[in-house]
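Participant: Numbering-wise, our numbering comes out as the position in the sequence shown, counting from 1, plus 829.
Before I ask anything, let me first share the structure, which is written out below as structure tokens.
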Amino acid sequence: MTIAFFASLFVLLYIYAGYPLVMFALSRLRQRGVAKGAFFPRVTIIISAYNEERHIGATIANKLALDYPKDRLEIIVVSDGSDDSTDDIVRSFNQRGVRLIRQEPRQGKTSAVNLAVSKAGGEILVFSDANSIYAPDALEHLVRCFADPEVGYVTGKMVYRTNEGSMVGQGCSAYMRYENLLRAWETLVGSVVGVDGGIDAVRRELYMPMRPDQLPDFVLPLEVVARGYRVVYEPRALLVEDALKDAMDEYRMRVRVTLRALWALWDMRNLLNPLRHGVFSMQLLSHKVLRYLAIIFMVTALFTNMFLAAKSLVFRFLLVAQAVFYGAAAAGWAYGRKNASLPNLLYIPYYFCLVNIAAAHAILKFLRGEKQVTWTPRKG
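As structure tokens, this is what we get:
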């Protein structure tokens, strides 16, 4: 039992602190930069939308205003069976060159992206969510990375706009700061493992049509790595989105994303072979596989610690530390339901537990063979 406790504790420390330290160390040793340069290929921005009447107009206007040559920019919006005014809003931009493609019946985002790509004329494909607002120079910074012939896929920097007092929003924002720092180090090592689906770009010739149940912003980057190209992070390509306010909305989103990511890992499990893919296999195992399985090590560490507490003062101290952490998470959940303001330190354990419980839910769905193709729009 002692071995199980310390092994679980070690894995948890490795997932959230050890792996980032390894990436930091490797990034100092390898320093694989990106040979950026002035590069203005024809770009197609693809926006998938389902009942996005609240956001789609502002998102299209934002893309039309980007600092990029207008004669080199194409915008396609795929409406996935929307039954609100989304299509009418998109049509109002028709004279400005925005194309509407309607997918009927509704088949989900991945099928929508496949359909749009089949109609796209750009050398570089950029994927935007229906509520993604780019900085004016975001597209130029994304595309500059493709001047490097080794780069096949580029992801930008996601920044969440949070409401004051929203613990879910604060937790999500803190999580993204952590992820963005890790991606910067991973880029210097070679390729990043995770990307932001709202501001991604890929070379047209590297796009592989996907099954409707596959997660585009996970499967496609892995396919690009499998074909020998780099997937890199460009922090100057800035995307701003509103963070979710409600814990259950965030929880459902995390369950959905994790479930689709687990199936993607299963589909691309060949990348976990270190004999063929070297350091990237370690990255994929550490950053994704172990991260999604963290709940198993959390539960094991807690319950074995309970049995070991009588053995020594050290085990009792560690049990108290765990109790305080999970107690803070529970307090965050209880007070968050009442919309009460809490000290900033509480949102970290609260969000940490929310994400990992959602992962446990997704694992159960995965083991039952469940897949998810469609969902309702993300609320910001």
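Every residue, glycine too, gets a C-beta built ideally from N, C-alpha and C.
1. Please list, in chain order, all residues of the same chain as Met1135 whose beta carbon is under 7 Å from its beta carbon, the five residues on each side excluded.
2. Under three-state DSSP, which class holds Phe1047?
3. Rounded to whole angstroms, what is the Cα-Cα separation between Leu1091 and Ala846?
4. With respect to the beta strand (DSSP E) encompassing Ser908, which residues constitute its N-terminal and C-terminal limits?
5. What is the DSSP secondary structure of Glu1079, counted as helix, strand or coil?
6. Within 10 Å of its beta-carbon, does Arg1032 have 16 or more other beta-carbons around it, so buried, or fewer, so exposed?
7. At which residues does the beta strand (DSSP E) containing Leu1068 begin and terminate?
8. Which partner residues does Val1128 have in the DSSP bridge list?
9. Under 8 Å, do Ile875 and Ile889 count as touching if we go by C-beta distance?
10. Going along the chain, which residues of its own chain have a beta-carbon closer than 7 Å to the beta-carbon of Pro1041, five neighbours each way excluded?
11. Need the endpoints of the alpha helix (DSSP H) that Ala1189 sits in, please.
12. From Ile953, Phe1146, Leu968 and Arg1006, pick the residue whose C-alpha is nearest to that of Tyr897; which is it?
13. Applying the criterion that 16 or more other CB atoms from any shown protein chain within 10 Å of the CB defines a buried residue, is Val1153 buried or exposed?
14. Going by alpha carbons, who is nearest to Val863 out of Glu1015, Ala1160 and Asn923?
15. Alpha carbon to alpha carbon, what distance is there between Trp1162 and Gly1026?
16. What are the residues that DSSP puts in a beta bridge with Asp1042?
17. Is the segment 981 to 989 in contact with the segment 1062 to 1069, if contact means three or more CB pairs nearer than 8 Å?
18. Between the Cα of Leu1088 and the Cα atoms of Phe1047, Tyr1058, Glu1034 and Glu881, which residue gives the shortest distance?
19. Which two residues bound the contiguous alpha helix (DSSP H) that contains Thr939?
20. Between which two residues does the beta strand (DSSP E) containing Arg928 stretch?
21. Which of the three DSSP states is assigned to Ala1030 in this structure?
Facilitator: In this structure, then:
1. Leu1148
2. helix
3. 22 Å
4. Leu902 to Asp909
5. helix
6. buried
7. Arg1059 to Asp1071
8. None, per the DSSP bridge assignment.
9. no
10. Gln936, Gly937, Thr939, Ser940 and Val1202
11. Tyr1176 to Leu1196
12. Leu968
13. exposed
14. Glu1015
15. 28 Å
16. DSSP output for Asp1042 lists no bridge partner at all.
17. yes
18. Phe1047
19. Lys938 to Lys948
20. Val927 to Gln932
21. strand
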